[in-house]
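Each remark here refers to the structure printed beneath this line.
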Amino acid sequence: MFSNDRWVIFFAIWMGMAIISWLLFYVNKNGEFKNKYFRWFFAFGGGMMLGGAVWTGFPLIVVIFLGLPLMTFVVYFNTKVIRFCNNCGSYHQRISDKPIYCRECGAEIKD
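The opening position of the sequence shown corresponds to residue 85 in my numbering, with each subsequent residue numbered one higher.
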């Protein structure tokens, strides 16, 4: 049912994405870049996860009816909650509508 070679390739691609993510969103200090591209990168990662599940042998019906709704929720929720400071680039979670301020530099975090 599951091909071992495909799992190895999928894992290698996933590790490559993790390294790129670390470089773009942890090492990089440009908050405007992070706020602009994090949503797209996170959505791309969710799509890669679903595509990889199908490619490695999971039944398409399971991915469509279980994986797709769950991944859509996770991607939507995380892209709404996670923000980066435009001044210093630090990571923040905004769960309520109250304005939040950066714990590193004190600047207001805006949407």
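Built from N, CA and C at the ideal position, the CB exists for glycine as well.
Who are the near neighbours of residue 108 in its chain, counting only those whose CB is closer than 6 Å to its CB and skipping five residues on each side?
On the sequence shown, position 24 is the one that residue 108 refers to. Within the same chain, residue 108 has no close Cβ partners at all.
State the CB to CB distance for the pair residue 128 and residue 105, rounded to an integer number of angstroms; the pair is presumed to be in contact (CB under 8 Å).
Here the question's residue 128 lines up with position 44 in the sequence shown. Here the question's residue 105 lines up with position 21 in the sequence shown. The beta-carbon separation of residue 128 and residue 105, rounded to 10 Å, does not stay under the 8 Å limit for a contact.
Counted within 10 angstroms of its Cβ, other Cβ atoms place residue 118 as buried (16 or more) or exposed
Counted from its first residue, the sequence shown places residue 118 at position 34. Using a 10 angstroms sphere on the CB of residue 118, the tally of other CB atoms reaches 16 or more, which defines it as buried.
Residue span of the alpha helix (DSSP H) that contains residue 90, given as start and end
What you label residue 90 is simply residue 6 of the sequence shown in a count that begins at 1. For residue 90, the enclosing alpha helix (DSSP H) begins and ends at 88 to 106.
Let me know the secondary structure DSSP gives residue 180 once reduced to three states.
Position 96 of the sequence shown, counted from the start, is the residue given in the question as residue 180. Of the three classes helix, strand and coil, the one that applies to residue 180 here is coil, per DSSP.
Where does residue 167 fall in DSSP's three states?
Position 83 of the sequence shown, counting from 1, holds the residue named residue 167. Three-state result, residue 167: strand.
Considering only C-alpha positions, which residue in the set 89, 185, 140 and 173 is nearest to residue 116?
Along the sequence shown, one-based indexing puts residue 116 at 32. Closest in alpha carbon position to residue 116, among 89, 185, 140 and 173, is 173.
What number of angstroms, rounded off, separates the C-alpha of residue 182 from the C-alpha of residue 192?
Locating residue 182 in the sequence shown gives position 98, counting from the first residue. Locating residue 192 in the sequence shown gives position 108, counting from the first residue. The straight-line gap from Cα to Cα measures roughly 11 Å.
How is residue 188 classed by DSSP in three states: helix, strand or coil?
Translated into the one-based positions of the sequence shown, residue 188 becomes position 104. Residue state, collapsed to three classes: coil.
For the candidate residues 186, 93, 194 and 180, whose alpha-carbon lies nearest to that of residue 136?
Taking the sequence shown and counting its residues from 1, the one referred to as residue 136 is at position 52. Checking every option, the nearest Cα to that of residue 136 belongs to 93.
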